[in-house]
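Encoded as structure tokens, the structure appears first; notes follow it.
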Amino acid sequence: MHQAPGFLSARQRRLAWLGFVLTALQAPVSAHLLADDSWFFSVCVALMVATVIIADDARRRRPAEAGTTE
């Protein structure tokens, strides 16, 4: 049984993980250094990127359709 391909390429997936880690690490640093609540934007971006990564994982874990060959 083959797995279905995700909608992200391997390079896009690595960049998504890099973007997630960088924005997730940047949020607490911004919260500590800045007086306003602009750090919350980093949290929102990290959550959106995480949602894309999770959706790609879910698509990759599904079995491939019978008509497709890779």
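Just so you know, we're using my numbering here: the sequence shown kicks off at 58 and counts up by one. Every residue gets a Cβ at the ideal spot worked out from N, C-alpha and C, and that includes glycine.
Contacts around residue i, its chain only, beta-carbon distance under 7 Å, and the 5 residues preceding and following it disregarded
| i | result |
| --- | --- |
| Ala81 | Ala103 |
| Val109 | Ala73 |
Spatial neighbours of residue i in its chain, beta-carbon cut-off 6 Å, leaving aside the 5 residues before and after
| i | result |
| --- | --- |
| Ala88 | Trp96 |
| Ala107 | Phe77 |
Coarse secondary structure for residue i, derived from DSSP in three states
| i | result |
| --- | --- |
| Ala120 | Per the sequence shown, residue 120 should be read as Pro rather than Ala. Reduced to three states, the DSSP call for Pro120 is strand. |
With 16 other Cβ atoms within 10 Å as the buried cut-off, status of residue i
| i | result |
| --- | --- |
| Ala84 | buried |
| Ser99 | buried |
Nonlocal neighbours in the same chain, by C-beta distance under 8 Å from residue i, ignoring five residues either side
| i | result |
| --- | --- |
| Asp93 | none |
What are the uninterrupted segments assigned as alpha helix (DSSP H) that are 4 or more residues long and contained completely in the segment 72-126, given in chain order? 96-118
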